[in-house]
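Q:
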Amino acid sequence: MVVSARKEASQIGINILKKGGNAFDAMVGTELALAVSYPSAGNIGGGGFMVYRKFDGSIGALDYREKAPLKSYETMYLDENNEIIEGLSVMGALSVGVPGTIAGVFEVHEKFGSLPIEEIIKPVIELANKGVIVTRNQSERIKENQKYFKLVNRDEILFNKEFKINDTIKYSNLASTLNKIMLNGKDEFYRGETAKKLVSFIQKNGGIISLEDLEKYKPKWREPIVFKYDDLKIISMSPPSSGGICLNQIFKMIEPYDLESYGHNSVNYIKLLVEAEKRSFADRSHFLGDTDFIRIPLNEILNQEYLLKRMQDFSFEKITVSNSLSHGNININESEETTHYSIVDQFGNAVAVTTTLNGSFGSKLYCEELGFFLNNEMDDFSSKPGFPNMYGLIGGEANKIEPEKRMLSSMSPTIVEKKGKLYMTLGTPGGSTIITSVLQTILNVHEFKMSMNEAVNSPRFHHQWMPDSIRIESSRFNPKIKNELLEFGYKLSDKGSIGRVDGILIKSQNKLEGGADKRGDDTAIGY
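Heads up: the sequence shown begins at 1344 in this note's numbering, then just goes up one per residue.
Here you go:
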């Protein structure tokens, strides 16, 4: 089964499984198919994370997150008065991190793939040449961003044209780029003709990525964050993602409470999760970053005693104001246009993958000759510690800009075991709301006995410490619940939709249940 943001990508993944390929082969095909069918987040100009569990129970994680260029420096987005230059880390060539997606998919294929790479990439090239039907969501997203495309791109690009629902977009230049990558391998993107063209394009537009940056890029195999909650074993992404650590903290903080008795999305349920989320996001801001550059006190911030102490002042009778809440005492905003997909194969392998350009269409910079958008991942660093990024996340010293550093992320591809067996694979886009959306989806299934489809489509809420308000899918919550929260003193921020969770629930060895979030065009396909 494959669940992803677009039917075309899910279908390519399923076709690979039908040919006898495994989940890792399908990961490569689905990832590249999303670059064609879902260009606002699917990519070859960005990066991502993969968490896996093989049929034999072995687990691991791959970090193919973007990196800061060699010529980057801590104050590169500040003016002479040490103030943030608006938009510089968000749009245009200077906001681009060194892409990791192509290195990531080849790394996965080399280690775990079973089909020839040509057999995996050819259907993606065919899709790019044939074209993709524009959905309502895609048409609106392109229209919303066209003013930025025109602002950032000097030359005419494919996306300057207005695309209506049911139009077909053909990506012949991207097909050509993918064909070269298929024939010449990842070196085509990092050392070959494509690399040279990409560097020339970025530098012509004022960026600082060099051929040396591309040549030096390598993905990293990481140990995932693994923890228990009740009878579940949860496996999620480790730094430079904050996802696994924050999930671990929040689950441990709420575990002593009887969530089921409060009722799903009840006032007390929301209070408990919100207050735990505040404390975890305060720690995130202070402690987390790229472990190749800083020491994260993992044992301390994941210690049960420490986390119970963090919740010591929690009460259902009062609010903990965020201004009064800092990181814990121990010794020592990111995009909503990410995309996630989940795959479980016929052999029992599972992958959870979250990939991104950061903002919608990334930096808005589109390389017409090569056929793809470039990320604006540099905004996920702390341009100025103590100040928020485009998604309102406060950054700390641990996540300051340094050459070759990977920026902090909230992406949380997650796999869950129950009683030693594969139980769930899930994840979502949504920037800082990724963590809380994954949290609530797992709780929906485990505590409230929902199906995966019910769990991913259930109303969601979110708190990230700063700003001090609950983001809520307002139209989907009972007005009585909202009024009680307001009367209690919480500020509510209306959010049309939060996340787009794609998950798979393993009901038995031969029965899988896909959950495709109706907030997008997401599609689950099994066979």
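Glycine is no exception: its CB is placed at the ideal position from the N, C-alpha and C atoms.
#1: Look at the Cβ atom of V1495, then the Cβ atom of I1758, and state whether they are nearer than 8 Å.
#2: Within the continuous beta strand (DSSP E) that includes H1683, where are the two ends?
#3: For E1417 and I1637, which I take to be in contact (beta-carbon distance under 8 Å), what is that distance rounded to the nearest angstrom?
#4: Please tell me whether G1632 and M1754 are closer than 8 Å, where the distance is taken between their beta carbons.
#5: Is A1348 helix, strand or coil when you go by DSSP?
#6: Does L1645 come out as helix, strand or coil in the three-state DSSP assignment?
#7: If you follow the alpha helix (DSSP H) that L1494 is part of, which residue opens it and which one closes it?
#8: What does the Cβ neighbour count give for N1719, buried or exposed, with the cut at 16 atoms within 10 Å?
#9: Less than 8 Å between the beta carbons of E1409 and G1385, yes or no?
#10: Taking 8 Å as the cut-off, decide whether the C-beta atoms of Y1709 and F1492 are in contact.
#11: In terms of alpha-carbon separation, which member of V1696, E1760, D1860 lies closest to D1399?
#12: Short check: CB of A1619 to CB of I1644, under 8 Å?
#13: Pick helix, strand or coil for E1760, following the three-state DSSP scheme.
#14: What residue does the beta strand (DSSP E) around I1613 start on, and which one ends it?
#15: Return the bridge partner residues of M1793 from the DSSP annotation.
#16: In its own chain, which residues sit with a C-beta less than 8 Å from the C-beta of S1851, not counting the 5 before and 5 after it?
#17: Within 10 angstroms of its Cβ, does V1617 collect 16 or more other Cβ (buried), or is it exposed?
#18: Tell me whether the beta-carbon of L1855 lies closer than 8 Å to the beta-carbon of V1687.
#19: Just to confirm the assignment, what range does the beta strand (DSSP E) spanning V1569 have?
#20: Would you mind stating whether F1715 and I1445 have Cβ atoms separated by less than 8 Å?
#21: Can L1835 and I1813 be called in contact, C-beta distance under 8 Å?
#22: Can you give the Cα-Cα distance for R1497 and L1713, rounded to whole angstroms?
#23: Provide the residue(s) that pair with W1564 in DSSP beta bridges, ordered along the chain.
#24: Among K1661, K1414, A1867, N1591, which has the Cα closest to the Cα of F1903?
#25: Buried or exposed for S1780, going by 16 or more other Cβ atoms inside 10 Å?
#26: R1622 and M1596 look like a contact to me (Cβ under 8 Å); what is the Cβ gap, rounded to whole Å?
#27: Helix, strand or coil, according to DSSP, for V1433 in the structure here?
#28: Excluding the 5 residues flanking I1508 on each side, which residues of the same chain have their C-beta closer than 8 Å to its C-beta?
#29: May I have the straight-line CA-CA distance separating S1579 from D1530, to the nearest angstrom?
#30: G1846 lies in the beta strand (DSSP E); which residues open and close that run?
#31: Taking contact to mean 3 or more Cβ pairs, one atom from each stretch, closer than 8 Å, check whether the segment 1698-1708 and the segment 1414-1432 are in contact.
#32: Could you work out which residue in A1352, S1457, I1613, F1449 is closest to H1805 when comparing CA atoms only?
#33: Are there 16 or more other CB atoms within 10 angstroms of the CB of W1808, so buried, or fewer, so exposed?
#34: Could you tell me the alpha carbon to alpha carbon distance between S1801 and P1442, rounded to whole angstroms?
#35: Do you know offhand how far F1690's Cα is from T1784's?
#36: Expressed to the nearest angstrom, what Euclidean distance is found between the alpha-carbon atoms of S1604 and L1828?
A: With the given structure in hand:
#1: If you number the sequence shown from 1, residue 1495 lands on position 152. If you number the sequence shown from 1, residue 1758 lands on position 415. In this structure, I1758 does not lie closer than 8 Å to V1495 by Cβ.
#2: Taking the first residue of the sequence shown as 1, we reach residue 1683 at position 340. It spans 1682-1687 - the beta strand (DSSP E) in which H1683 sits, taken as one unbroken run.
#3: Within the sequence shown, the letter at position 74 stands for residue 1417. Within the sequence shown, the letter at position 294 stands for residue 1637. Going by Cβ atoms, the distance from E1417 to I1637 rounds to 14 Å, so no, they are not a contact pair.
#4: Indexing the sequence shown from 1 puts residue 1632 at position 289. Indexing the sequence shown from 1 puts residue 1754 at position 411. Their beta carbons are not under 8 Å apart, which means G1632 does not touch M1754 by this criterion.
#5: The residue you call residue 1348 lines up with position 5 of the sequence shown. Coil at A1348, not helix or strand.
#6: As a working note, residue 1645 is residue 302 in the sequence shown. Note: L1645 maps to coil in three-state DSSP.
#7: For the purposes of this step, residue 1494 is taken as the residue at position 151 of the sequence shown. From DSSP, the alpha helix (DSSP H) with L1494 extends over 1479-1495.
#8: Translated into positions along the sequence shown, residue 1719 becomes position 376. Per the 10 Å Cβ criterion, buried.
#9: Position 66 of the sequence shown, counting from 1, holds the residue named residue 1409. Position 42 of the sequence shown, counting from 1, holds the residue named residue 1385. Contact: no.
#10: Reading the sequence shown from its first residue, position 366 is the one you call residue 1709. Reading the sequence shown from its first residue, position 149 is the one you call residue 1492. In this structure, F1492 lies closer than 8 Å to Y1709 by Cβ.
#11: As a first step, residue 1399 must be located in the sequence shown, where it is residue number 56. Measuring from the Cα of D1399, the nearest candidate turns out to be E1760.
#12: Against the sequence shown, residue 1619 aligns to sequence position 276. Against the sequence shown, residue 1644 aligns to sequence position 301. Not a contact, by the Cβ cut-off of 8 Å.
#13: Numbered from 1 along the sequence shown, position 417 holds the residue referred to as residue 1760. Here E1760 sits in strand by DSSP.
#14: Counting from one through the sequence shown, the residue named residue 1613 turns up at place 270. Where I1613 is concerned, there is no enclosing beta strand (DSSP E), although the alpha helix (DSSP H) it sits in stretches over 1610-1630.
#15: As a first step, residue 1793 must be located in the sequence shown, where it is residue number 450. Partner(s): none; M1793 has no beta bridge.
#16: Here the question's residue 1851 lines up with position 508 in the sequence shown. Hits under 8 Å: none found.
#17: Mapped onto the sequence shown, residue 1617 falls at position 274. V1617 comes out buried.
#18: Indexing the sequence shown from 1 puts residue 1855 at position 512. Indexing the sequence shown from 1 puts residue 1687 at position 344. Yes; because the gap between Cβ atoms is below 8 Å, this pair is in contact.
#19: Within the sequence shown, the letter at position 226 stands for residue 1569. Start and end: 1568-1572.
#20: By one-based count along the sequence shown, residue 1715 stands at place 372. By one-based count along the sequence shown, residue 1445 stands at place 102. No, these two residues do not count as a Cβ contact at 8 Å.
#21: Translated into positions along the sequence shown, residue 1835 becomes position 492. Translated into positions along the sequence shown, residue 1813 becomes position 470. Yes. Within cutoff.
#22: As a first step, residue 1497 is located in the sequence shown; it is residue number 154 there, counting from the start. As a first step, residue 1713 is located in the sequence shown; it is residue number 370 there, counting from the start. Taking the straight line joining both Cα atoms gives about 15 Å.
#23: Counting from one through the sequence shown, the residue named residue 1564 turns up at place 221. According to DSSP, which records beta bridges pairwise, W1564 is partnered with L1405.
#24: For residue 1903 there is no data in the structure shown, the boundaries of the chain being 1344 and 1870.
#25: On the sequence shown, residue 1780 is found 437 positions in, with the first residue counted as 1. Result: buried.
#26: Counted from its first residue, the sequence shown places residue 1622 at position 279. Counted from its first residue, the sequence shown places residue 1596 at position 253. About 7 Å separates the two Cβ atoms, so the contact holds.
#27: What you label residue 1433 is simply residue 90 of the sequence shown in a count that begins at 1. Correct three-state label for V1433: coil.
#28: What you label residue 1508 is simply residue 165 of the sequence shown in a count that begins at 1. So the qualifying residues of the chain are V1477, T1478, R1479, S1482.
#29: Here residue 1579 is taken as the residue at index 236 of the sequence shown, counted from 1. Here residue 1530 is taken as the residue at index 187 of the sequence shown, counted from 1. Distance between the alpha carbons of S1579 and D1530: 30 Å.
#30: Sequence index remark: in the sequence shown, residue 1846 carries index 503 (1-based). It spans 1845-1851 - the beta strand (DSSP E) in which G1846 sits, taken as one unbroken run.
#31: no
#32: Translated into the one-based positions of the sequence shown, residue 1805 becomes position 462. Comparing Cα-Cα distances from H1805 to each of A1352, S1457, I1613, F1449, the minimum goes to I1613.
#33: As a first step, residue 1808 must be located in the sequence shown, where it is residue number 465. Classification of W1808: buried, given that the 10 Å Cβ count is 16 or more.
#34: Residue 1801 sits at position 458 when you count from the first residue of the sequence shown. Residue 1442 sits at position 99 when you count from the first residue of the sequence shown. The alpha-carbon atoms of S1801 and P1442 are separated by roughly 34 Å.
#35: In the sequence shown, the residue the question calls residue 1690 occupies position 347. In the sequence shown, the residue the question calls residue 1784 occupies position 441. Approximately 25 Å between the Cα atoms of the pair.
#36: Translated into positions along the sequence shown, residue 1604 becomes position 261. Translated into positions along the sequence shown, residue 1828 becomes position 485. Cα to Cα, S1604 sits roughly 19 Å from L1828.
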